[in-house]
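In the working numbering, the protein residues as written are 47 to 677. Ideal Cβ placement from N, Cα and C applies to all residues, glycine included. Values in this document were obtained by computation on a predicted structure and should not be read as measured data. Reviewing the structure listed below.
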């Protein structure tokens, strides 16, 4: 006899906001609702398998583990049924009515932050924030969820809503375990009541789900029309197959299913191991950085399976954060099936798997760098910053990743490694030179480079924000120190310029030096005559013990720090410096000379990325322009 006790509940504000967004169809790819529902069913089936191993008593123990889908064109409905773990009345209310379980609040806040509602960002967000069930309202006028828990004494319950502010929960009779979702489709969503369309979506998004997915099909047998269940998905644990038995098409298809990326991967890493831990691994390096690296930094992780049973969808602990761009699956016979999802990260087996995976990724990248140089350059342009992050955040990984780094320099627009740099060093060169800045265009015009360009010395360009942090753990390579070319203590090979010319240019510089020191006061550590500038007027160099990296790191972390005191080096051969000398000779208190000195100093701050407020220079520039226009 059917039960009828019914209770009505109101949706929380954030869930109603989410439903309003979904109901009004902001998204172009509405088919993802089925992917989300199948994923939920698969998860419920996995959870039942784990629970059934831990408990002797479960409801409906002989039921086949699977997913059954019925598309009814006449009624314009779609029904998805599984024999998974099911839900109690309390769980049903929690999962379909409470913010903490649904993730709806996070979804709405993120969408409002983006304030665009474009399909690509919102499609990925549906899965990211765990609000997959609610995506059904993109295509549904109303939804009914009938469910019975695996617990022997649990009551079967039904959830019903039109997505308009409230939902009802009713006690019902249901003699099978699991969940059934009945969707009354909108008038503009009739395509989802067609079997061909459902097949298409399953093949595209859910082909490798680890349980059979059946569709009720009408076929002809012995001249008669009959209906029967037909399995649609392949259901193969591709990662457990031999690599030689899998072609590129199959690899690519599986990658697109787990990553929701429409492009083929750049690299496939497929292997199994028995020592020091038993595991199967199938990992992919994408061809491009995903949008997730610009948004939610926590949205990453490999899928973790134990004996083909999904333990966790995105398990961060399998790889360190600097390898978060890698997609894939790891399956191990050594992980106990009864481990909980919350405590699995504390299992010592995970640390061993992590070590194996990191080593394998590093080795595969080294092979690519050696044997597929063009492909490796594509990889490094997209993901090189993550290898720099590895060195910046983990000293123990420097040796593993340092030879995978690539740089451009004043002599090479194409990538070079540190090994290449050392092989091309001049005989009397003792250090590896680099210059740090915000972008390549600015670095290539830096006055610091003039001496090095003139003397054919190579200087590596470092313009990624992470470079300042990387240098903390990368101070030398192959016994040679890495040295910034703005360091006052830098060891330079002998300059080939005639020493008499230098002496001639230096005459009278002492008075200029004293004037500049008095004008700038505490702004600079010292004022010196440059021995390296060729054409530029001046440059700022770090004093002994000065750390330009520290300032950049503090600035990148958003901390308020004072501009570090630098040594101002002036080029005595520069026409501007000579003219300042003449102004001082004519008038020891020349205001024009003082303004020019201030402008030279702030110009250099600007070129070094150190100026706290460039707009402050405008009045002085206008004053100098006015003075120049009088002549």
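For residue 507, the beta-bridge partners assigned by DSSP are 481. Of 98, 312, 407, 326, the smallest CA-CA separation from residue 336 is found for 312. Taking 8 Å as the cut-off, the beta carbon of residue 487 is found no closer than this to the beta carbon of residue 447.
The Cβ neighbour count for residue 78, taken over all protein chains shown within 10 Å, is at least 16; the residue is labelled buried.
Between residue 616 and residue 623, the beta carbon gap of about 5 Å places them in contact (Cβ cut-off 8 Å).
Taking the C-beta atoms as reference points, residue 318 is found nearer than 8 Å to residue 326.
Spanning the alpha carbons of residue 122 and residue 228 requires a straight line of approximately 11 Å. In the DSSP assignment, residue 422 falls within the alpha helix (DSSP H) that extends over 419-439. Within the same chain, Cβ atoms closer than 6 Å to the Cβ of residue 429 are found at 371, the five residues on either side in sequence being excluded.
In terms of CA proximity to residue 276, 245 leads the group 292, 245, 250, 368. Relative to residue 557, the option among 81, 519, 634 whose CA is nearest is 634.
From the listed residues 524, 51, 59, the smallest Cα separation to residue 212 is found for 59. Distances from the CA of residue 662 to each of 500, 425, 653, 648 were compared; the closest alpha carbon is that of 648. Judged by DSSP secondary structure, residue 466 falls within the alpha helix (DSSP H) whose first and last residues are 464-469. Counting only the Cα atoms, residue 184 lies some 22 Å from residue 308. For residue 378, the three-state secondary structure derived from DSSP is strand. Under the three-state reduction of DSSP, residue 193 is assigned to strand. It is roughly 21 Å from the alpha-carbon of residue 362 to the alpha-carbon of residue 96. Of the residues assessed, residue 492 falls on the buried side of the cut-off, its CB having 16 or more other CB atoms within 10 angstroms. In this structure residue 528 does not touch residue 538 by the C-beta definition: roughly 15 Å separates them, more than the 8 Å allowed.
When secondary structure is reduced to three states using DSSP, residue 661 falls in the helix class. Below 8 Å, too few C-beta pairs join the stretch 102-114 and the stretch 201-211 to call them touching: fewer than three. For residue 457, the three-state secondary structure derived from DSSP is coil. When the beta-carbon positions are compared, residue 328 and residue 399 stay at least 8 Å from each other. In the displayed model, residue 556 falls within a helix according to three-state DSSP. Counting C-beta pairs closer than 8 Å gives fewer than three between the stretch 229-249 and the stretch 265-273, which falls short of the contact rule. Across the set 215, 181, 75, 208, the C-alpha of 215 shows the shortest separation from the C-alpha of residue 133. With respect to the C-alpha of residue 235, the residue from 418, 188, 405 having the closest C-alpha is 188.
Under the criterion of beta carbons closer than 8 Å, residue 222 and residue 109 qualify as touching, at roughly 6 Å. The Cβ neighbour count for residue 255, taken over all protein chains shown within 10 Å, is at least 16; the residue is labelled buried. Distance from residue 427 to residue 451 at the Cβ level is roughly 13 Å; contact not present, criterion being Cβ atoms closer than 8 Å. Closest option to residue 585, judged by alpha-carbon separation, among 531, 261, 472: 531.
Here DSSP, grouped into helix, strand and coil, assigns residue 585 to strand. Assignment of beta-bridge partners to residue 202 by DSSP yields 218.
Between residue 590 and residue 513, the gap from beta carbon to beta carbon reaches 8 Å or more. In the three-state reduction of the DSSP assignment, residue 121 falls in the coil class.
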